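S.K.:
2 protein chains.
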Amino acid sequence: MTHFRLTPLAASLPDTVPFVGPETRERQKGQGFRARLGANENVFGPSPEAIRAMAETPLWMYGDPESYDLREALARHLVTPAETIMVGEGIDGLLGYLARLMVGPGDAVVTSDGAYPTFSYHVAGFGGVLHKVPYDGDHEDLSGLFAKAAETRAKLVYLSNPDNPMGSFHTGDQIAAAMDDLPAGTLLILDEAYIECAPETAQVPLPWDDPRLIRLRTFSKAYGLAGARVGYAIGAPDLIAAFNKVRNHFGMNRAAQAGALAALQDDVWLRSVLARIVSARLRISEIAGACGLRPLASAANFVTIDCGKDADFAKRVLTELDARGVFVRMPFVAPQNRCIRISCGTPAQLEILAEALPDAVKNTENC
Amino acid sequence: MTHFRLTPLAASLPDTVPFVGPETRERQKGQGFRARLGANENVFGPSPEAIRAMAETPLWMYGDPESYDLREALARHLVTPAETIMVGEGIDGLLGYLARLMVGPGDAVVTSDGAYPTFSYHVAGFGGVLHKVPYDGDHEDLSGLFAKAAETRAKLVYLSNPDNPMGSFHTGDQIAAAMDDLPAGTLLILDEAYIECAPETAQVPLPWDDPRLIRLRTFSKAYGLAGARVGYAIGAPDLIAAFNKVRNHFGMNRAAQAGALAALQDDVWLRSVLARIVSARLRISEIAGACGLRPLASAANFVTIDCGKDADFAKRVLTELDARGVFVRMPFVAPQNRCIRISCGTPAQLEILAEALPDAVKNTENC
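Going down the list, the protein sequences come from chains C and W. Letter 213 of the first sequence, counting from 1, is numbered 212 in numbering that gives the first Met the number 0, and no numbers are missing. Letter 267 of the second sequence, counting from 1, is numbered 266 in numbering that gives the first Met the number 0, and no numbers are missing.
1. Regarding W:Ala-54 and the ligand FAD, is the C-beta to nearest heavy atom distance less than 6 Å?
2. Would a C-beta distance cut-off of 7 Å place C:Lys-375 and C:Val-132 closer than the cut-off?
3. Based on Cα-Cα distance, which residue from W:Phe-18, W:Val-19, W:Glu-65 and W:Phe-32 lies nearest to W:Ile-351?
4. In this structure, what does DSSP give as the bridge partners for W:Tyr-157?
5. Please confirm whether C:Leu-238 and W:Phe-3 have their CB atoms less than 7 Å apart.
6. Starting from C:Ala-232, trace the beta strand (DSSP E) in both directions and tell me its first and last residue.
7. Inspect the beta-carbon positions of W:Pro-17 and W:Tyr-120 and report whether they are closer than 7 Å.
8. Is the shortest distance between the beta-carbon of C:Phe-130 and the beta-carbons of chain W less than 7 Å?
9. So with Cβ pairs under 7 Å, would you call W:Asn-39 a contact of chain C?
10. Measuring only the C-alpha atoms, how far is W:Ser-159 from W:Asp-14?
11. Pick helix, strand or coil for W:Pro-7, following the three-state DSSP scheme.
12. Whole angstroms is fine: what's the gap from W:Ala-175's alpha carbon to W:Pro-204's?
13. Please state the DSSP three-state secondary structure of W:Lys-244.
14. Would the segment 281-301 of chain W and the segment 100-116 of chain W be scored as touching if the rule is three or more Cβ pairs under 8 Å?
15. List, in order along the chain, the chain C residues whose C-beta lies closer than 8 Å to that of W:Glu-88?
16. Please name the residue or residues paired with C:Val-327 in a DSSP beta bridge.
17. Out of C:Ile-194, C:Glu-88 and C:Gly-126, state which residue places its alpha-carbon closest to the alpha-carbon of C:Gly-105.
18. Answer with buried or exposed for W:Ala-322, where buried requires no fewer than 16 other C-beta atoms within 10 angstroms of its C-beta.
19. Can you tell me whether C:Ala-34 is helix, strand or coil according to DSSP?
20. Would you list, in chain order, the members of the segment 160-187 of chain W that have their beta-carbon closer than 7 Å to a beta-carbon of chain C?
21. Pick helix, strand or coil for C:Gly-223, following the three-state DSSP scheme.
22. Got a sec: is the Cβ-Cβ distance from W:Asn-243 to anything in chain B below 7 Å?
23. Helix, strand or coil for W:Pro-210 per DSSP?
24. Going along chain C, which residues have a C-beta under 7 Å from W:His-76?
25. C:Arg-228 versus chain W: which residues are under 7 Å apart at the beta carbon?
26. Do you know how far the Cα of W:Asn-300 is from the Cα of W:Thr-185?
27. Using a Cβ-Cβ distance under 7 Å, would W:Lys-147 count as near chain C?
28. Among C:His-130, C:Val-229, C:Leu-93 and C:Gln-335, which residue has its Cα nearest to the Cα of C:Met-369?
29. Applying a beta-carbon distance threshold of less than 8 Å, which residues of chain C neighbour W:Tyr-61?
30. Please state the DSSP three-state secondary structure of W:Gly-258.
31. Using a Cβ-Cβ distance under 7 Å, would C:Leu-349 count as near chain W?
32. Taking only the alpha-carbon atoms, compute the straight-line gap between W:His-76 and W:Gln-264 and give it to the nearest angstrom.
33. Taking the alpha-carbon positions, what's the W:Asp-311 to W:Arg-337 distance?
34. For C:Asp-180, count the other beta carbons within 10 Å of its own beta carbon; 16 or more makes it buried, fewer makes it exposed. Which is it?
35. What does DSSP give as the partner residues of W:Ala-107 in its beta bridges?
36. How long is the line joining the alpha carbons of C:Met-251 and W:Asn-247, rounded to whole angstroms?
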């Protein structure tokens with residue numbers, strides 16, 4: 000008999016990793032990437048004020064378990080009571096807590112086929128049964144998702160807006176209208192990781208404390224703090240309070256809290272980053288178009304490129320880019336996996352892409 | 000019908016917080032503490048090399064999900080393969096993962112009555128049944144714990160060495176000898192958060208990959224990085240690999256990984272901090288003794304003071320210290336709660352304690 004006895008559920012889970020990190024790939028290759036454009040990070044970085052705040056934060060102290068200052072600042076920023084906000088270890092951490100709170104063995108959960116794998120990982124990790132709805136073209140299928148939720152009596156339905164990996168979005172009005180079809184007893188998880196990069200129309204015109212949905216946002220994308228691990232959830236106070244049942248109360252890095260607070264307050268920096276993201280999206284689209292590929296419209300900090308053939312073709316383009324020191328990723332599931340997904344980069348990094356992509360495509364076509 | 004439906008287990012859990020943070024108390028008081036000596040933080044701080052490494056780490060990138068560099072460095076430091084090491088978001092985070100992996104509703108888990116509440120929080124959070132064994136004087140009752148594990152067929156038994164909140168320790172030889180009585184099918188969680196502060200004899204002379212136990216260590220105490228959230232587990236490779244089933248793969252702050260790596264390599268700083276901890280323990284003992292209280296011997300970065308009466312008395316001393324701007328904590332459970340627990344401070348902070356404690360005790364006695 001071994002000394003550790005996993006629960007039957009844990010024993011049934013694979014040692015899976017939702018994504019392989021770029022560092023892992025760099026170690027395999029024995030050299031670094033020249034352009035890190037695969038993880039939808041923000042190469043323009045966080046506000047200098049955030050960098051200063053983090054450097055000035057003494058790390059010998061535990062972080063405030065209430066993330067009080069950050070929550071209060073978010074409350075002022077969004078104009079909602081602090082009781083509607085929970086800060087956590089990135090959206091990934093908050094998704095894990097939500098799954099733990101709601102999902103038990105056999106519980107139905109609805110997501111899109113090809114949506115964020117880390118959400119699916121958490122649901123499976125608590126024994127939930129995932130019902131996957133195909134995309135409607137390059138968009139998540141809003142009415143299809145809600146219909147599937149009704150059909151399966153799902154506890155949770157997941158929607159990212161803007162969508163990762165396709166970069167598309169629904170308007171807030173579309174989402175608000177669709178909410179009439181959300182079944183009672185189903186909570187909509189609205190993953191708004193990329194919301195700051197999207198047009199104003201993507202904002203959902205529903206009260207922050209609407210009990211039918213929980214919005215997840217992050218400092219990892221537009222705010223440039225992916226490595227800090229700061230996300231937040233906005234929802235009804237009783238739902239927000241439920242996180243206290245299961246969360247790791249002292250789990251927030253103290254400097255990360257201070258950095259996020261400073262980043263939130265530097266609107267000038269945010270605007271300049273968003274402008275650079277817009278430029279980078281245009282440049283990526285231009286580079287792709289010049290190679291005969293079709294860039295999709297993007298409301299996020301990446302551009303998804305339709306390579307026009309099958310997954311094997313897209314995968315080979317990816318491999319060719321990898322061989323040229325360019326790190327990008329691609330969707331996991333058909334038919335989205337005909338695409339590759341390129342994160343916004345600096346002009347210099349995009350010149351590397353501009354140099355590498357034509358050869359990568361040519362080599363793939365000659366295969 | 001509300002839109003969120005908790006699992007029956009989640010619904011049964013309280014919105015509990017294992018500890019109230021000092022910042023919460025400061026907000027209640029409307030002023031800061033003059034001496035923060037309650038959370039067993041390391042006021043001497045991390046290595047300047049760690050501070051530099053964190054400041055130099057770009058936070059726009061996600062952290063390496065494998066914490067490869069840190070794990071490799073720990074492996075070299077401990078002389079064990081990297082496959083025996085898992086890095087996580089502090090010992091708290093690792094305890095949560097362990098509970099999730101092993102504990103299901105009704106599963107028996109053994110701990111000491113009055114031991115680390117966050118462990119108990121995690122076990123209860125997964126529906127486990129806690130069996131609590133009284134302390135044997137000021138020590139955790141090693142043979143009592145293992146006998147209770149056999150009696151209850153426990154999946155996990157928790158032991159902290161050195162012990163928090165009492166500061167006592169068992170020698171590694173005592174623990175190794177006791178392992179003969181650990182039942183098959185029970186895993187010993189050995190929480191060594193304070194091990195660097197303890198005499199060399201506290202090290203358990205068993206192989207790092209001994210399948211009967213998992214050791215948990217941290218950069219929060221001797222290394223002075225509590226706010227960074229970096230802990231690690233050492234155990235058999237199959238047990239270590241199981242963390243990959245449930246952990247938040249991208250949950251580690253990138254700067255924290257770099258800071259921990261630098262801290263690990265600065266042995267000169269560690270030695271100087273440990274010497275200052277020894278001095279502080281002596282000074283705290285002296286201050287307590289001068290007030291007629293009995294300091295217990297400590298192998299950790301705090302000194303537990305027997306106030307010689309009941310919990311009410313100790314609680315009042317705590318309140319009096321709080322009123323004088325000194326933050327300390329006390330054990331939660333009788334008979335340990337006759338004590339207060341004072342973390343090591345700088346000489347200046349301990350002078351504030353030296354000034355406050357006599358009055359605090361006097362006022363309490365006159366109550």
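Cβ atoms here follow ideal geometry from the backbone N, Cα and C, with glycine treated the same way. Just so you know, these numbers come straight off a predicted model, no measurement behind them.
M.R.: Checking against the coordinates, here is how it stands:
1. Of ligands this structure carries none, so the ligand FAD is not represented either.
2. Because chain C is modelled from 0 through 366, residue 375 of chain C falls outside the range shown and cannot be assessed.
3. Out of W:Phe-18, W:Val-19, W:Glu-65 and W:Phe-32, W:Phe-32 has the C-alpha closest to the C-alpha of W:Ile-351.
4. W:Ile-188
5. yes
6. 230-233
7. yes
8. The sequence given here has His at residue 130 of chain C, not Phe. Taking Cβ atoms only, chain W never reaches closer than 7 Å to C:His-130, which makes this a no.
9. no
10. A direct Cα-to-Cα measurement between W:Ser-159 and W:Asp-14 gives close to 26 Å.
11. helix
12. 7 Å
13. helix
14. no
15. Glu-88, Asn-247 and Gly-250
16. By DSSP's assignment, C:Val-327 forms no beta bridge with any residue.
17. C:Gly-126
18. exposed
19. strand
20. Correct list: Ala-183, Gly-184, Thr-185 and Leu-186.
21. coil
22. Checking the listed chains, one finds no chain B in this structure; the protein chains it contains are C and W.
23. coil
24. Under the 7 Å cutoff, chain C gives no residues; its nearest Cβ is about 20 Å from W:His-76.
25. Around C:Arg-228, the beta-carbon contacts reaching into chain W at under 7 Å are Gly-250 and Asn-252.
26. 30 Å
27. no
28. A query on residue 369 of chain C cannot be resolved here, the shown segment of chain C reaching from 0 to 366 and no further.
29. Ordered by position in chain C, the residues that pass the 8 Å Cβ test against W:Tyr-61 are Gly-20, Ala-38, Glu-40, Ser-219, Ala-225 and Gly-226.
30. helix
31. no
32. 9 Å
33. 8 Å
34. exposed
35. Beta-bridge pairing links W:Ala-107 to W:Val-128.
36. 14 Å
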